[in-house]
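Visitor: In the numbering used here, the protein residues as written are 577 to 669.
The beta-carbon is built from N, C-alpha and C at its ideal position, and this holds for glycine as well.
Attaching a single structure in C-alpha cells format; questions to follow.
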C-alpha cells in the first residue's frame with residue numbers, strides 16, 4: 577500500500593537494504609532481494625525521486641553488473657530502474 581511504501585522509505589529501511597547490498601555484494605540472493613525492495617518502493621511517486629537522489633540507482637546497477645547470470649537480479653534490477661525512470665525528475669539525471 578502506498579502509505580506503507582512512504583513510511584518504509586522515510587524510516588530509514590532503504591538505507592538498511594543498501595547496507596546489506598553493500599556488505600554482501602557476492603550474494604545474488606541479497607542483491608535480488610535488495611533490488612526487489614527498491615523495485616517495490618519505487619512504485620510510489622513520492623519515493624521515486626528520494627530513491628534516485630540517494631544513489632540507489634548505482635546500487636542497482638552494481639548488483640546487475642556483478643550478477644549478469646542471475647535472471648532474478650536482472651529482472652528486479654530492471655524493474656527498479658523502470659519504476660524510477662517513470663518519474664520525469666529522474667529522467668534528466
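(1) With a threshold of 16 other CB atoms inside 10 Å of the CB of residue 608, please say whether the residue is buried or exposed.
(2) With DSSP collapsed to three states, give me the class of residue 602.
(3) Cutting at 8 Å between CB atoms, please list the residues of its own chain near residue 650, excluding the five before and the five after it.
(4) Output the boundary residues of the alpha helix (DSSP H) element that contains residue 620.
(5) Helix, strand or coil, according to DSSP, for residue 662 in the structure here?
(6) Can you grab the Cα-Cα spacing for the pair residue 598 / residue 588, in whole Å?
Guide: So, from the listed chains and residues:
(1) Reading the chain shown from its first residue, position 32 is the one you call residue 608. With 16 or more other Cβ atoms from the protein chains shown falling within 10 Å of its own Cβ, residue 608 counts as buried.
(2) By one-based count along the chain shown, residue 602 stands at place 26. Three-state DSSP puts residue 602 in coil, outside helix and strand.
(3) The sequence position of residue 650 within the chain shown is 74, counting from 1. So the qualifying residues of the chain are 640, 643, 644.
(4) In the chain shown, residue 620 corresponds to position 44, counting from 1. Where residue 620 is concerned, there is no enclosing alpha helix (DSSP H), given that its DSSP letter is neither H nor E.
(5) Along the chain shown, read from residue 1 onward, the residue named residue 662 stands at position 86. Three-state DSSP puts residue 662 in coil, outside helix and strand.
(6) By 1-based counting over the chain shown, the position of residue 598 is 22. By 1-based counting over the chain shown, the position of residue 588 is 12. Taking the straight line from one Cα to the other gives about 15 Å.
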